[in-house]
Structures are given as structure tokens and as C-alpha cells.
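The structure under discussion appears below in the form of C-alpha cells.
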């Protein structure tokens, strides 16, 4: 008898969802994947030579009932927490979260200018609620971009990259990595690709010494430049 009652209740809840009624767990919560109070997205045109505009990827995640069809939402700049000029970024009228996804990526357009060579500026964005989505908890409903045209440690240079591939970050090492590999954005690299790029830098540093030159000194880390990749 108890099993029958549970089946009837499940059918009732399913029917409600099919008709568009909200059940006790019917809200869809949308949030960024980074904790706004702890993490920022670092964007520096310095490491994208020749580029005057960039599309910055931001991950958003869904908690609730999976979407059967794509839904849209909007972002707004939080004025009292943003100090970058509106001419340096562009927000779309709406952003799309695709069906069947629990995590999706949207893009915010940023534009370079001379003022970004002097300092880093903040752009704080917040998810707006609508009929389809409720913003997530406060620390994840907002995200912060730090935008400049000066050297800065990128997000992908994580503790894993430090330990297994490139060693401690410095502006000088990053600049040399770009020169040696011809690449500047390593955010989508697989472990094998990271290994290959790190080895290019490692071999370059060794060839520099083999040619009779002193080791390249890394002033930021107060040591001769080195990478941690094995090979």
C-alpha cells in the first residue's frame, strides 16, 4: 500500500511539472562557477599582442530541473563595484543557457584602450533573475573581471601548472614562454599540450646556457629561471 502511495505522489509531481506548475524543487538556480569573494577572472591584453578586443569566457552552472529547451538570461554591471569605463566592455542583450546542460559558457566582450596600460580595472557582473532562472547564492551570482594591458598572472597558471609544468609565475617567464612557443593563451591546453609547451621553454633555457651564456635570471622569483616539467 505504501509503495502505491509513493507511485501516485510521483505521478502527481510529474504531472505538475508537465503542466508548468512549480513544485517544491521547481526553481532553476543560475550561478557563476567562481566564488566572487575569492576568485577573479584576470584579463590582460599584454599577453594577446596585436589584439584590440577579446571575448572572455565565463562559466555558469545550473541547479534545478534540467532545461528541455534553451533559455536566456541577462547580466548587468554592478555600478558601485565597477570602475572600468563602459567603452571598454560590451554586454549582450541576453545570454543563452543551452538545454540538457548543467554547466555552460558565455562570453563577455572587452575592448582595449590606452588607460588599460596604466592600471587594472574591475568589471563586476551580476546575473539577473527572470521567469526561467533564480540567481544563485550571493557569492556566486556575481563575478569579477580584472582587465588591463599590463602583465598579470593568468587564471590558467594554477598550482598544478606551477608544480608539474612551468614552475613559479613571473612576468618575465610568461613573456619568454610566448616568444618561445608563439602562443599566449594556454587555458584550453591538455596535460600533454602543457608538457610540450613547457619542454619547449625548458630546452630553450638549456640551449641558452649551452651556448655559453649565463642562466636567464628571474628577478621576480629571485632565482635563475626554471620550469618544473620532467623531460
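Residue numbers (the working numbering): 10 to 240.
We put the CB at the ideal spot given by N, CA and C, even for glycine.
Mind checking residue i: buried by the 16 CB within 10 Å criterion, or exposed?
i: residue 211; result: buried
i: residue 229; result: exposed
i: residue 116; result: exposed
i: residue 168; result: exposed
i: residue 114; result: exposed
i: residue 81; result: exposed
i: residue 179; result: buried
i: residue 216; result: exposed
i: residue 182; result: buried
i: residue 96; result: exposed
i: residue 47; result: exposed
i: residue 253; result: With the chain covering only 10 through 240, there is no way to say anything about residue 253.
i: residue 94; result: exposed
Are the Cβ atoms of residue i and residue j separated by less than 7 Å?
i: residue 77; j: residue 108; result: yes
i: residue 133; j: residue 91; result: yes
i: residue 149; j: residue 39; result: no
i: residue 137; j: residue 189; result: no
i: residue 203; j: residue 165; result: no
i: residue 174; j: residue 207; result: yes
i: residue 241; j: residue 151; result: The structure shown has nothing for residue 241, since the chain only spans 10 to 240.
i: residue 49; j: residue 146; result: no
In three-state terms, what does DSSP make of residue i?
i: residue 96; result: helix
i: residue 39; result: strand
i: residue 57; result: coil
i: residue 108; result: coil
i: residue 74; result: coil
i: residue 239; result: coil
i: residue 62; result: strand
i: residue 159; result: coil
i: residue 141; result: coil
i: residue 202; result: helix
i: residue 168; result: helix
With a threshold of 6 Å on Cβ separation, who are the neighbours of residue i within its own chain once the five nearest residues in sequence on each side are excluded?
i: residue 157; result: 53, 125 and 129
i: residue 87; result: 133 and 135
i: residue 163; result: 51
i: residue 62; result: 120
i: residue 220; result: none
Opposite residue i in the DSSP bridges: which residues?
i: residue 226; result: 233
i: residue 86; result: 134
i: residue 68; result: 114
i: residue 146; result: Residue 146 pairs with nothing; no bridge assigned.
i: residue 154; result: 50 and 132
i: residue 119; result: 63 and 98
i: residue 81; result: 105
By Cβ distance below 8 Å, which residues in the same chain neighbour residue i in space, the five residues on each side in sequence not counted?
i: residue 185; result: 210, 213, 225 and 234
i: residue 112; result: 42, 68, 69, 70 and 71
i: residue 187; result: 56, 58 and 193
i: residue 171; result: 177, 178 and 237
i: residue 30; result: Caution applies to residue 30, whose pLDDT of 34 falls short of 50 and renders its modelled position unreliable; the value that the coordinates give is listed next. For residue 30, where only same-chain residues beyond five positions count, there are no Cβ hits under 8 Å.
Quick one: what's got a C-beta closer than 7 Å to residue i's C-beta in the same chain, skipping five residues either side?
i: residue 44; result: 148 and 149
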